[in-house]
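J.:
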């Protein structure tokens, strides 16, 4: 089970809308995306241990991830 912040970091690598919301530090938009039909299964079936979103942590980690050349190579 991932906490909310780790779940956001994982999904933001593959979801452009979520990535943009993280980069904009838009907690409301992140919350709307997480509660959308797209992530309904994960959010409601025990994949995510809901904890308050630490937007500074998520933004910092996501920014570092998208600039990591090794990670970019793995994803491409």
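Residue numbers (our numbering): 13 to 88. Backbone N, C-alpha and C define an ideal beta-carbon position, used for all residues, glycine too. This structure is a prediction, so every number in the text was calculated from the model and none was measured.
(1) Closest by CA to residue 88, which one among 26, 53, 59 and 47?
(2) Taking 8 Å as the cut-off, does the stretch 14-33 touch the stretch 50-62 (at least 3 CB pairs, one atom from each stretch)?
(3) Mind checking residue 45: buried by the 16 CB within 10 Å criterion, or exposed?
(4) So is residue 24 buried or exposed if we call it buried at 16+ other beta carbons inside 10 Å?
(5) For residue 20 and residue 42, which I take to be in contact (beta-carbon distance under 8 Å), what is that distance rounded to the nearest angstrom?
T.: Judging by the given coordinates:
(1) The residue with the shortest Cα to Cα distance from residue 88 is 26.
(2) Taking 8 Å as the limit for Cβ pairs, the verdict is that the stretch 14-33 does touch the stretch 50-62.
(3) Per the 10 Å Cβ criterion, buried.
(4) It counts as buried.
(5) Contact check for residue 20 and residue 42: beta-carbon distance about 6 Å, within the 8 Å limit, so the pair qualifies.
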